[in-house]
Each structure stands twice: as C-alpha cells, then as structure tokens.
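Heads up: the sequence shown begins at 11 in my numbering, then just goes up one per residue. Glycine is no exception: its CB is placed at the ideal position from the N, C-alpha and C atoms.
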Amino acid sequence: MLKGLMQLMMLIAILGSSAHAGEPLLQVSRVDTGRALTQSLLHGSFVGPDQMEIVVVDVPRRGQSRQARIYPIRQQRIASQASVAFQLDHQVAALDIASSDNGDLLAALTPKGVFVINPADGTMHNLLSVMTMVRGADERQVLLQDFLRDLNNDGRSDLLVQGFSSVQVAIQRPGGSFGPVSHLPVSPIMNVSSEHTISYRSPRIYVKDVDDDGQLEMMVWMRDHFLLFRQQASGVFTLPPQRIEPGIRISFDDVEEMSMGITEEDQTEFSGRLLHDLTDYDGDGVVDLVTMVVKSLGVFKKQTRYEFYRGHVDGETLRFDRVPATEVASDGIQFAMLETDIDRDGASDIMVSSVEIGIGKILRALLTGSVNFDLGFYRQQGGFFESRPDIVREVTVTFDFGSGDALYPFTLVTDIVGDAQPDLLVQEGEGQLNVFLGRQDDRLFERKPIEMEMVMPDEPEQVQLTDLNGDGRNDLLMHLDKNGQRSVQVLLTSAGP
C-alpha cells in the first residue's frame with residue numbers, strides 16, 4: 011500500500027509541475043475552416059515575436075479564386091474568426107515561411123522568382139528574381155515547398171531554389187536584404203510516367219554539418235551518388251563539389267518510388283534498398299548513412315530492415331562504410347521510423363512502426379475491422395541497436411470495408427509535460443488522444459495513459475509538431491477533414507507554474 015501511495019504522489023508531482031492547478035495537460039481549441047477542393051496550412055509570426063498566426067490557404071472549385079485566411083492564436087486559443095482574408099495572386103505556385111530580423115515573412119514562388127506577400131492585404135513585392143521550374147501556376151492547387159531555409163545557422167532564412175539548369179542559392183543579410191545569387195551545378199530529376207508524360211523534381215538536398223567543423227554543408231543525392239558542396243565563412247558554397255559514392259547499391263530515392271517499383275516487379279523475387287536519411291546517429295560529429303531494405307518473398311511474406319552505415323572524414327573527404335555498423339530488422343513491413351533521444355542520454359534512439367502481414371492477420375481484419383501493429387522502441391548503446399526492441403506497444407488501425415477507408419493513428423514522441431522527459435502520444439480511434447508520460451527508467455513511459463477526448467485526424471500527415479505559443483515546447487497543429495468539412499485544431503502545452 012505504501013508503494014502504491016508513493017507512486018501516486020510521484021504522478022501528482024509530475025502533473026503539478028506541468029501546469030497550474032486545475033489546468034488540463036493540453037489546451038484544446040478548434041475552428042471550422044469550411045469546404046474547399048483542397049486546403050493547406052502554414053504558420054508564422056507576422057505581427058510580433060510573441061504572436062503566432064495560422065495561414066489557411068483555400069483552393070476552391072474550378073472558376074473561383076484561391077484565397078488565404080489568417081487566424082491568430084491568442085490567450086492559448088486559436089481565434090474563432092480570421093483576422094484577415096485575401097485572394098492569392100494568380101502567379102503563386104508555392105508558399106513558404108521565411109525567418110528574418112523583422113519577424114516571419116509569407117513568401118511565394120512564381121514563374122518570375124520569389125515574392126513576399128503582405129499578410130494584411132495579399133499584395134506582393136519582389137524579393138529575388140531567379141529562374142524557377144514554375145511555368146505557370148495551377149489554379150487548382152497551392153504547393154508548400156521548402157525554398158527558403160537557414161543555410162548558415164544565423165537564424166535567417168536563405169534562398170534555395172531548383173531551376174532547370176542549377177540550384178540557386180542566396181544568403182540573407184542582416185536587415186532582410188539578400189546577397190548575390192550563386193548557381194550550383196545540380197540538375198533536376200526527370201521522371202517519365204506510364205502515360206509517357208515527363209515531369210521534373212528537385213533531387214533530395216540535405217543541409218547539415220557533415221563533419222563537425224561548425225559550417226553547414228549541402229549534400230545532394232543524385233540517384234546513385236552524392237554531391238557535397240562545402241560552405242565558406244561568407245556563405246558561398248565552393249565549386250566544384252565532391253562526388254561521394256555510397257559504397258552500396260541504392261535502388262530507390264524514397265518509399266513512394268519503391269512502392270511503385272514493387273507493384274511493377276514479381277513480388278516473389280523482389281529486393282530493394284532506398285535512401286532513408288543522412289544523420290549523425292552515433293553522435294561522433296560525422297554524418298552517417300541510413301537506408302531501408304525491403305525483401306519480398308511473396309504478397310504475404312515481406313521482410314524489412316533499417317541499415318546504419320557509419321561516416322568517416324579523411325582530410326576533406328567524406329566516406330561511408332560498405333558494411334552497416336548496426337541494423338534494425340523485423341518480419342513484415344516497417345513503415346515508419348522516428349529518430350529521437352528517448353532516454354535523454356545524448357545518443358539517438360529510434361521508434362519503429364511495423365506490421366507482419368499474413369492470412370491470419372487479414373482474416374482477423376475482416377472479422378474485426380481492425381489490425382494491430384507494433385510500436386517498437388530501440389535504445390542505442392555504444393553506436394549499436396539490439397535486434398529486438400526494448401519496449402513494444404500495440405496500436406490499432408481500423409477499417410471501414412464499406413467505404414474502403416482506413417484510420418491510421420498518429421504516434422509522436424515529445425515533451426508535453428515540460429520536465430525534459432519525452433512523452434508518448436498515441437491516437438485512439440476518432441475521438442481520443444492518449445498521453446503516456448515519460449519515465450526516467452527502463453520502462454520509458456507510464457503504462458496507463460492520460461486520456462483526452464477530442465476530434466482526431468484520419469491520417470498521421472494531418473498532425474504537425476511545432477511551438478505555437480512561444481514556451482519552447484512542441485504543440486500540436488491538426489488539420490482535420492471530416493467528409494469534406496475541414497477544421498484547424500491546436501493543442502497547446504499549458505503554462506508552467
């Protein structure tokens with residue numbers, strides 16, 4: 011009895027340190043944003059450093075103009091009405107948020123270059139004239155692209171735009187002006203569809219400090235090799251780039267490309283490797299290569315594994331091992347991996363979602379309308395992961411066989427309480443969020459969750475983690491779509507004592 015009382019007192023202490031007495035763990039508010047062909051969300055601080063706004067971009071049915079509405083977040087809630095609304099210029103093809111000394115900017119990519127949109131009335135003025143791959147805006151969509159990002163760790167967004175002949179880079183100066191545009195010899199990737207149509211896309215670009223020298227480098231994946239552009243103190247990237255061979259055969263650029271390849275192959279004899287990420291997983295200051303391998307022995311027999319290849323720097327040359335230092339494997343499909351420091355020991359740990367497909371699993375899904383998948387947590391020890399997860403939690407995917415829809419719950423790891431200990435957030439069906447508080451022992455998370463009733467999304471992609479109230483902790487931004495009726499829901503961490 012004494013042990014149970016002590017556990018109860020510890021739980022009360024944890025909750026008491028996270029919020030004022032009587033306050034919920036998360037402040038939930040929601041606003042209906044109406045119906046549209048598509049909607050997109052951005053967020054930025056356009057008015058002041060301590061005020062955040064949500065930008066809702068509507069693409070209506072054919073014949074109507076696209077518009078943007080801005081909803082401020084005030085007093086731990088999203089406003090019930092937009093503070094301003096304006097039509098988007100017909101040239102706008104993509105949007106992004108840029109950070110500057112004077113706050114955030116709403117930026118647009120057009121055939122003529124990059125423009126800044128005045129959030130008060132929608133008027134645009136030219137920021138930089140660059141060559142883009144935009145040949146005309148599609149009135150039926152607005153893309154969200156990362157064409158403005160911090161390339162030199164000064165807190166300001168710089169220009170990074172793919173053209174048909176090069177990647178264009180310009181560094182933002184203090185005060186908001188930009189330096190001269192430089193051209194990096196990187197060509198776009200051309201794709202030919204089964205209908206023989208041709209499309210172009212930018213290759214995967216990583217901006218990272220690859221060798222712990224304090225400078226960000228740019229690494230570009232060109233289907234079978236990397237191009238490494240080193241950065242000078244002035245922000246200029248040096249030419250020519252270094253060509254880096256991965257040392258292993260990588261067949262696919264991402265999961266989507268691999269999925270298309272699997273459908274076109276005989277699944278009884280398929281094996282492919284895709285590029286998953288470049289990250290310093292072992293914490294030695296040198297970037298490492300992470301790949302995912304899928305092996306198919308039939309429709310119902312698939313094996314997947316993540317491989318971690320250590321990176322090394324010899325002088326100015328970066329190279330990767332040809333043999334993985336460690337692997338995380340499972341029977342079935344591993345369809346999501348999240349890198350996070352779960353136990354706060356300074357080393358990267360991972361959370362992997364996986365499901366084993368078989369006749370029995372399919373029969374159970376037909377009978378119950380649901381299927382369970384495993385959420386495995388792997389803690390890193392000395393640069394290695396164990397073959398089995400340290401902890402496994404089960405999460406349920408539900409199906410509606412009448413409509414063919416499936417509800418895929420989201421799972422996230424972030425510090426909600428504010429005690430610097432990661433918490434586990436798991437969606438439970440259509441109307442509940444479970445928060446498993448983090449622990450400072452081998453169990454990692456409490457077994458019994460804090461249950462919160464609220465509207466839940468239909469897809470994990472409808473949830474973002476970002477700081478919306480300036481307290482330094484992640485909040486949740488949800489874009490909900492229920493039978494065409496859309497809404498924005500924000501879950502804000504409660505203020506500290």
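Backbone CA spacing between residue i and residue j [nearest angstrom]
i	j	result
S109	P121	22 Å
I460	A346	24 Å
H235	R214	11 Å
I426	G54	21 Å
R589	V57	What the structure shows of the chain is the stretch from 11 to 507, and residue 589 is not part of that stretch, so it cannot be assessed.
V303	L237	23 Å
G392	Q97	54 Å
R329	H286	17 Å
G321	D331	7 Å
Q474	T289	21 Å
A31	A103	The predicted model places A31 with a pLDDT of 44, which falls under 50 and marks its position as unreliable; any figure quoted below should be read in that light. Looking at the two C-alpha atoms, the distance is approximately 47 Å.
V38	E463	10 Å
S340	R315	6 Å
F157	V220	21 Å
R72	I254	47 Å
S504	Q86	8 Å
G480	D60	6 Å
V323	N163	22 Å
P334	T421	28 Å
T207	V124	27 Å
N484	H135	33 Å
L51	E471	12 Å
P256	V179	25 Å
I360	A130	43 Å
L105	G482	25 Å
S364	R354	24 Å
D160	W231	19 Å
P399	V65	40 Å
L226	L169	15 Å
V233	S212	Correcting the residue type first, residue 233 is Arg in the shown sequence and not Val. Going by the C-alpha atoms only, they are around 11 Å apart.
L119	R240	26 Å
D111	I181	13 Å
M466	Y388	27 Å
Residue i, DSSP secondary structure in three states
i	result
E438	strand
V297	coil
V152	coil
Q101	coil
V38	strand
V171	strand
V246	coil
V124	strand
E255	coil
E266	helix
N2	Residue 2 lies beyond the stretch modelled for the chain, which goes from 11 to 507, so this question has no answer here.
A513	No statement about residue 513 is possible, as the shown extent of the chain runs from 11 to 507 and does not include it.
A9	Nothing about residue 9 can be read from this structure; the chain reaches only from 11 to 507.
Q391	strand
T142	coil
I343	strand
S504	coil
I181	coil
S281	strand
S306	strand
F239	strand
According to DSSP, residues forming a beta bridge with residue i
i	result
G113	S110
T289	D298
Y319	L299
I360	E349, Y388
T327	D324
T424	D433
V365	I343
F188	Q182
V196	Bridge partners of V196: none, in fact.
Below-8 Å beta-carbon distance, residue i vs any chain C residue
i	result
S358	Any reference to chain C falls outside this structure, which holds one protein chain only.
Distance cut-off 7 Å: residue i Cβ against heavy atoms of the ligand COA
i	result
H135	Because no ligand of any kind appears in the structure shown, any question about the ligand COA cannot be addressed here.
Segments of 3+ residues assigned as beta strand (DSSP E) that fall wholly inside the stretch 47 to 96
48 to 58, 61 to 69, 77 to 84
Check whether the stretch 190 to 198 touches the stretch 294 to 303, taking contact to mean three or more Cβ pairs, one atom from each stretch, closer than 8 Å.
no
For the structure I just gave you, are there three or more beta carbon pairs, one from the stretch 487 to 496 and one from the stretch 424 to 438, closer than 8 Å?
no
Identify every run of the beta strand (DSSP E) within the stretch 210 to 234, keeping only runs that are complete inside it and at least 3 residues long; order them along the chain.
214 to 218, 227 to 231
Between the stretch 238 to 256 and the stretch 178 to 194, are three or more C-beta pairs nearer than 8 Å?
yes
Secondary structure, beta strand (DSSP E): runs of 3+ residues fully inside the stretch 435 to 501:
442 to 446, 460 to 463, 473 to 476, 485 to 492
Kindly confirm or deny that the stretch 447 to 458 and the stretch 418 to 433 touch, where touching means at least three C-beta pairs closer than 8 Å.
yes
Examine the Cβ distances between the stretch 134 to 146 and the stretch 76 to 88 and report whether three or more of them are shorter than 8 Å.
no
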